[in-house]
Structure formats: structure tokens, C-alpha cells
Amino acid sequence: MKEIQIRLSGTGGQGLQLSAKMLAEALVQEGRQIAQSQSYEPTSRGGLSRADLVIGEEIPDYPLVTNLNALLILDQLAADASTHLLQSGGVVITDSTMVKSPPAGDFSVYPLPLTETALKLGSPRIANIIALGVLVTLIEICEPSSLEDAVRKNAPKAFLDMNIEALKTGQKMAA
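Positions -18 to 156 (this note's numbering) are the ones given, in order, by the sequence shown.
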């Protein structure tokens, strides 16, 4: 497997750091090496936020993203912040509810109603988990069972069933 670089981006409070942790845990479970980093503005909600993963069979040479294979955008604020890092042929997933002007370029864009779907499932706070299901299904980065295990270990217990339903909904959206 060649090195893969992923960025989850949006605003504070959207669960991007948790989603990155879940994905990293699923990948480590499958024997991959991960460098994970994050950046967020000091406001707890509303400021630009991102979580990055560099994934490989070997320990990544450089721990920061420089050439993204996949980009998730959950808010318009983050729409233009990372597109310059996307490689030709990359994958961009946007929340069509929150991102009205998705980036354009030599990459595939998947505008999906992530927040709208989350609301139908019971909470806008699970849009990140729906997005994670979409991302993993589209780029086939890990086994769905590994990601489900990671979600089960890291989701708040009171919302576990809702998060598992969100993950499966995202996988179906991408299929």
C-alpha cells in the first residue's frame, strides 16, 4: 500500500478529532502505521478545525499532510482551506447542507446531505460519523468491521446505537 493522506475539516464542535481518532484506531487494528495531527482555532465551537492522517505500511517519513488523497469538508468555512493540497484524482466529500460552494478541480466531489441525514437519525452531532462511513466506503481504506469496532470503543455509551446507525447509514450512502 502506498502512503495515503486524509484530512477531515470543518469547524470546532463537529467531532472531527474524534472521527480521526476512530479511523486511526481502525487502521492500527489492521496493522497500518499512522501519523495523526490536528489543528483548531481556540474557540470551542465555530472556529476552523481539522484532523489529518498520514497512513502507510511503514512509519510515515513526514507526519504532516502535503498531498491529500481524500478531503472531508463539513462546513463552508473549511471549503477553500485545503484544496491546494489535493492531488489530482483525489476524493472530496462535502456536507451539501453546510457547504454550498464546494471546491472544484481535478478531483471527484461527492456533495452529500450529511447534516440533514444526521437530523433525520436524531442528532446533527452524528454527521461526522455518517461522513466517516462514507469516506471509508469510498476510498476503501479499512474494513468496515474495524471501523465499527473503533466506533464502539470511542462513541459515548449513551449514543452508541445512534452512532452505529450513523456509520451504517454513511456506508449505504457511499455504496
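Built from N, CA and C at the ideal position, the CB exists for glycine as well. Since the model is a prediction, treat every value here as computed from it, not as a measurement.
Exercise. Would N48 be called buried (16 or more neighbouring beta carbons within 10 Å of its own) or exposed?
Worked result: exposed
Problem set entry | Start-to-end residues for the alpha helix (DSSP H) that takes in R13 | Per DSSP, R13 is not a residue of any alpha helix (DSSP H), being assigned neither H nor E.
Exercise. What's the gap between the Cα of S20 and the Cα of S(-10)?
Worked result: 9 Å
For this session: Go to F76, then tell me how far its beta strand (DSSP E) extends in each direction, as first and last residue.
Result: The question names Phe, yet the displayed sequence has Asp at residue 76. D76 -> beta strand (DSSP E) spans 67 to 76.
For this session: Determine whether the Cβ of G37 lies closer than 9 Å to any Cβ atom of chain B.
Result: Looking for chain B here will not work: only one protein chain is present.
For this session: Determine, using beta carbons only, whether I(-13) and I36 come nearer to each other than 9 Å.
Result: yes
Exercise. Cβ atoms of S30 and A59: under 9 Å apart, would you say?
Worked result: yes
Exercise. Do G151 and A112 have their CB atoms nearer than 9 Å?
Worked result: yes
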